[in-house]
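Participant: Protein chains in written order, with the working numbering: chain L, -10 to 227; chain R, 184 to 304.
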Amino acid sequence: MTDNTLNRRQFLKSSAGVAAVAIAPGMLLYGMANGSSEGASAKVRWGMLIDTSNCAEGCNDCVTACNKENGLSGGVTATDSQWIRKIEIKEIAGGRQLSLPMMCQHCENPPCVDVCPTTASFKRADGIVLVDKHRCIGCRYCIMACPYKARSFVHEALTDQNPDVPRGKGTVESCTMCVHRIDQGLQPACADACANKAILFGNLNDPESEIAKKVRTVASVQVRADLRLNPGVRYQGL
Amino acid sequence: MFRLLLTILAVLCFSAQAAESTPKLDIGKGGQCVEDPQYMRKNHMHLLRHERDETVRLGIRDVKHSLKNCIECHASTKDNSVIAREDSFCVACHRYEAVKIDCFECHSGVRKSAWLQRNAK
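1. What residue does the beta strand (DSSP E) around Asp40/L start on, and which one ends it?
2. Mind checking which residues open and close the beta strand (DSSP E) that includes Pro90/L?
3. Pull up the CB-CB distance for Ser110/L and Ala139/L, whole angstroms please, since I reckon it's below 8 angstroms.
4. In angstroms, rounded to a whole number, what distance separates the CA positions of Leu231/R and Pro152/L?
5. Can you pull the chain A residues whose beta carbon is under 8 angstroms from the beta carbon of Lys158/L, in chain order?
6. Straight-line CA distance for Thr107/L to Asn263/R?
7. Who does Lys75/L pair with in a DSSP beta bridge?
8. Could you list the residues in the segment 222 to 239 of chain R with a C-beta less than 8 angstroms from some C-beta on chain L, going in chain order?
9. Does the distance from the CB of Cys51/L to the CB of Ile73/L come in under 9 angstroms?
10. Taking the alpha carbon of Ile252/L as the point to measure from, which residue in Cys44/L, Arg34/L, Asp103/L and Ser70/L has its own alpha carbon closest?
11. Would you kindly check if the distance between the Cβ of Asn226/R and the Cβ of Glu218/R is under 9 angstroms?
12. Return the first residue and the last residue of the beta strand (DSSP E) that Ser62/L is part of.
13. Could you name the residues of the same chain whose beta carbon sits closer than 7 angstroms to that of Pro196/L, not counting the 5 residues immediately before and after it, in chain order?
14. Using the C-alpha atoms, what's the distance from Glu145/L back to His290/R?
15. What are the residues of the segment 106 to 123 of chain L that lie near chain R, defined by any Cβ-Cβ distance shorter than 8 angstroms?
16. Only counting the same chain, and skipping five residues up and downstream in sequence, which positions put a Cβ closer than 6 angstroms to that of Gly191/L?
17. In the segment 162 to 176 of chain L, which residues sit with their C-beta less than 7 angstroms from some C-beta in chain R, listed in chain order?
18. By how many angstroms is the C-alpha of Ser30/L removed from the C-alpha of Asp103/L?
19. Could I get the ranges of all uninterrupted alpha helix (DSSP H) runs contained in the segment 212 to 294 of chain R, with 4 residues as the minimum, in chain order?
20. 9 angstroms is my cut-off, CB to CB: does Glu145/L come that close to chain R?
21. Quick one: grab the DSSP three-state call for Ile126/L.
22. With a 10 Å radius around its C-beta and 16 neighbouring C-beta atoms as the bar for buried, classify Ala258/R as buried or exposed.
23. Between which two residues does the beta strand (DSSP E) containing Ile171/L stretch?
24. For a cutoff of 9 angstroms on Cβ pairs, would you count Asn151/L as touching chain R?
25. Please name the residue or residues paired with Tyr224/L in a DSSP beta bridge.
26. For Ala82/L, does the count of other Cβ atoms within 10 angstroms reach 16, so buried, or fall short, so exposed?
27. Short of 7 angstroms in beta carbon distance, which residues of its chain neighbour Tyr19/L, apart from the five on each side in sequence? Order them along the chain.
28. Which residues in chain R have a C-beta closer than 7 angstroms to the C-beta of Ser26/L? List them in chain order.
29. Establish whether the CB of Ala29/L and some CB of chain R are separated by less than 9 angstroms.
30. Taking Gln176/L and Thr41/L to be in contact with their CB atoms under 8 angstroms, please state how far apart those CB atoms are, rounded to whole angstroms.
31. Roughly how many whole angstroms lie between the Cα atoms of Asp236/R and Ile117/L?
32. Whose Cβ in chain R lies nearer than 8 angstroms to the Cβ of Pro155/L?
33. Determine whether the beta carbon atoms of Cys131/L and Val161/L lie at a separation below 9 angstroms.
34. I'd like to know whether the C-beta atoms of Ile39/L and Pro90/L end up nearer to each other than 9 angstroms.
35. Counting only Cβ pairs nearer than 9 angstroms, list the residues of chain L close to Lys295/R.
36. Please work out which residues of its chain come closer than 6 angstroms, Cβ to Cβ, to Gln86/L, disregarding the five sequence neighbours upstream and downstream, and give them in chain order.
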């Protein structure tokens, strides 16, 4: 059904484009000259590579940037939304300590999507896992299914949201990889805010991109790789 | 003759009353709308509903019929909002027609520029 409508839309668009050229060469229709009409492309796979050796202990810059960008309160109680958290871990035998950010890992095979009864939880063509809040009924199955504890539920009515980041009571939410920024050609707020450049954002599918080159050359792991979810977020030095 | 006068008076009174009961709204900047105004009055909800799915799920961000684009033009020039007052652009009509708007439980009803100004810290 979706595919049918998509094809029809694309057909109409392309024929409208031909008509526009035929009527007035050099002039574009209003709708075509604005915004990204193509939408998310399956040729792209957005991902992140987090270098834990550059992630400073006690530094919270990525979390603050995320909260500011997406209008989160910054609270850390059980009922507060947290899209990204800083985690401190210690290897008990060796005593080695590490600090790293943990958020939605944007899996290729996301369990949150599998369990969603209303298809509100979905994966966009470019690999970003999102919640369609128009469909979310707040059942929170996805929160239980996520092995990374990445999702939060909005318990209270909200006001003064970022116009680019709609959020509301009764729906589940998580890291969107700042999809509104990506669609504008910017990188996610956390990657922008990291002073040590510990978060490298890019297109994993493009062999020439910085992230793809680094993933090829340095050792990096996916958290809980045994689940074979193929997350788009990878960690270096873990 | 007297009857004709009475009829004219009655018609005048009626039309004056009708004009008074239509919603008075603050159209913000206004100007040329993306579609014909009469078409928008009847179909804005279909446009918003259709394109919200395409935007969220497929990432097609055509700005023409987006809620943000509506707000950009129609937010009041006084408070930058389409929902803040009784005569705000969305509220005035929806109250008149007794139709509840759910959009703004999640979406912001203010211009992005105004939001940025307020939240630039």
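Glycine included, each C-beta is placed from N, C-alpha and C at the ideal position.
Because the structure is a prediction, the values reported are computed rather than measured.
Facilitator: According to the structure shown:
1. Numbered from its first residue, the first sequence carries residue 40/L at position 51. Trp35 to Asp40 is the extent of the beta strand (DSSP E) around Asp40/L.
2. For the purposes of this step, residue 90/L is identified with residue 101 of the first sequence, where counting begins at 1. Counting along the chain, the beta strand (DSSP E) containing Pro90/L begins and ends at Gln86 to Met92.
3. If you number the first sequence from 1, residue 110/L lands on position 121. If you number the first sequence from 1, residue 139/L lands on position 150. The Cβ separation is near 12 angstroms, so there is no contact.
4. For the purposes of this step, residue 231/R is taken as residue 48 along the second sequence, with counting starting at 1. For the purposes of this step, residue 152/L is taken as residue 163 along the first sequence, with counting starting at 1. Looking at the two C-alpha atoms, the distance is approximately 15 angstroms.
5. Included in the structure are the protein chains L and R, with no chain A among them.
6. Translated into positions along the first sequence, residue 107/L becomes position 118. Translated into positions along the second sequence, residue 263/R becomes position 80. Using only the alpha carbons, I get a separation of about 35 angstroms.
7. Position 86 of the first sequence, counting from 1, holds the residue named residue 75/L. Paired residues: Pro90/L.
8. Arg235, Asp236, Glu237 and Val239
9. Mapped onto the first sequence, residue 51/L falls at position 62. Mapped onto the first sequence, residue 73/L falls at position 84. Contact: yes.
10. Nothing can be reported for residue 252/L, as the shown portion of chain L is limited to -10 through 227.
11. Looking up residue 218/R in the second sequence gives position 35. Looking up residue 226/R in the second sequence gives position 43. In contact: Glu218/R and Asn226/R (Cβ atoms closer than 9 angstroms).
12. By 1-based counting over the first sequence, the position of residue 62/L is 73. That residue, Ser62/L, is in no beta strand (DSSP E); it is neither H nor E in DSSP.
13. Here the question's residue 196/L lines up with position 207 in the first sequence. Here the set comprises nothing.
14. Working through the second sequence from its first residue, we reach residue 290/R at position 107. Working through the first sequence from its first residue, we reach residue 145/L at position 156. Each residue's Cα considered, the two are about 15 angstroms apart.
15. Phe111, Arg113, Ala114, Asp115, Leu119, Asp121, Lys122 and His123
16. Residue mapping note: residue 191/L aligns to position 202 of the first sequence, counting from 1. Cβ within range, chain order: Ser198, Glu199 and Ile200.
17. Asp172
18. Indexing the first sequence from 1 puts residue 103/L at position 114. Indexing the first sequence from 1 puts residue 30/L at position 41. Going by the C-alpha atoms only, they are around 22 angstroms apart.
19. Within the segment 212 to 294 of chain R, complete alpha helix (DSSP H) segments of at least 4 residues are found at 220 to 241, 250 to 257, 272 to 280 and 286 to 289, given in chain order.
20. As a working note, residue 145/L is residue 156 in the first sequence. Taking Cβ atoms only, chain R never reaches closer than 9 angstroms to Glu145/L, which makes this a no.
21. For this step, residue 126/L is matched to residue 137 along the first sequence. Coil, per DSSP.
22. Counting from 1 along the second sequence, the entry for residue 258/R is found at position 75. Ala258/R is buried by the Cβ-count criterion.
23. Position 182 of the first sequence holds residue 171/L. Ile171/L -> not in any beta strand (DSSP E); alpha helix (DSSP H) instead, spanning Val168 to Ile171.
24. To locate residue 151/L, count along the first sequence from 1; it is residue 162. Yes, because at least one Cβ of chain R sits closer than 9 angstroms to the Cβ of Asn151/L.
25. By one-based count along the first sequence, residue 224/L stands at place 235. According to DSSP, which records beta bridges pairwise, Tyr224/L is partnered with Ile39/L and Val210/L.
26. Position 93 of the first sequence holds residue 82/L. Its Cβ having fewer than 16 others within 10 Å, Ala82/L is exposed.
27. Sequence index remark: in the first sequence, residue 19/L carries index 30 (1-based). Summary for Tyr19/L: the model assigns pLDDT 37, below 50, so the residue's position carries little reliability; its value from the coordinates is reported in the next sentence. None.
28. Taking the first residue of the first sequence as position 1, residue 26/L is located at position 37. In chain order: Ile243 and Asp245.
29. For the purposes of this step, residue 29/L is identified with residue 40 of the first sequence, where counting begins at 1. Judged by the 9 angstroms Cβ criterion, Ala29/L is in contact with chain R.
30. Here residue 176/L refers to the residue found at position 187 when the first sequence is read from its first residue. Here residue 41/L refers to the residue found at position 52 when the first sequence is read from its first residue. Not a contact, Cβ separation roughly 19 angstroms.
31. Residue 236/R sits at position 53 when you count from the first residue of the second sequence. Residue 117/L sits at position 128 when you count from the first residue of the first sequence. For Asp236/R and Ile117/L, the distance between alpha carbons rounds to 16 angstroms.
32. As a working note, residue 155/L is residue 166 in the first sequence. Those are Cys289, His290 and Ser291, listed as they occur along chain R.
33. As a working note, residue 131/L is residue 142 in the first sequence. As a working note, residue 161/L is residue 172 in the first sequence. Between Cys131/L and Val161/L, the CB-CB gap stays under 9 angstroms.
34. Taking the first sequence and counting its residues from 1, one reaches residue 39/L at position 50. Taking the first sequence and counting its residues from 1, one reaches residue 90/L at position 101. It is a contact, given that the beta carbons lie within the stated cut-off.
35. Walking along the second sequence from the start, residue 295/R turns up at place 112. Within 9 angstroms Cβ-Cβ: Asn151, Pro152 and Asp153.
36. The sequence position of residue 86/L within the first sequence is 97, counting from 1. Correct list, in chain order: Lys79.
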